[in-house]
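Numbering (my numbering), first residue to last: 2 to 123.
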């Protein structure tokens with residue numbers, strides 16, 4: 002394999018790594034936003050349930066039963082969410098060890114640029 006080809010492969014690998022790291026960072030940021038939305042989940046859940054009640058002509062007893070079922074899974078879903086957060090952090094930390102200091106700085110710059118764009122859009 003030629004030196005130029007090897008360099009191109011290394012460059013592609015580096016870019017793929019950076020994009021993967023960015024995706025993980027953005028995914029973590031998204032989860033942070035989702036976590037903030039959790040505070041509104043009860044209201045949102047109630048609204049969705051009322052829409053279902055209307056659209057499907059559910060009885061009050063059916064609505065109560067659905068709420069009970071949802072509540073019975075709440076702790077299990079919270080535990081899975083907590084575990085996923087741990088796994089994502091572990092993955093993020095491990096991937097972060099692959100980058101050079103220069104790549105980490107560039108990634109941070111890209112991350113900040115992406116988030117400042119999002120803040121400006123809101």
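Quick reminder that beta carbons are idealized off the backbone N, C-alpha and C, glycines included. Just so we're clear, the structure is a prediction, and the values are computed from it rather than from any experiment.
Backbone secondary structure at residue i - three-state DSSP
i: residue 101; result: coil
i: residue 42; result: helix
i: residue 127; result: Any property of residue 127 remains undetermined from this structure, which presents the chain solely from 2 to 123.
i: residue 60; result: coil
Residue i versus residue j: straight-line alpha-carbon distance, rounded
i: residue 71; j: residue 51; result: 14 Å
i: residue 100; j: residue 60; result: 57 Å
i: residue 90; j: residue 84; result: 10 Å
i: residue 95; j: residue 107; result: 18 Å
i: residue 110; j: residue 92; result: 21 Å
i: residue 82; j: residue 68; result: 20 Å
i: residue 45; j: residue 97; result: 36 Å
i: residue 56; j: residue 43; result: 20 Å
i: residue 74; j: residue 104; result: 42 Å
CB contact flag (residue i, residue j, <7 Å)
i: residue 64; j: residue 78; result: no
i: residue 112; j: residue 26; result: yes
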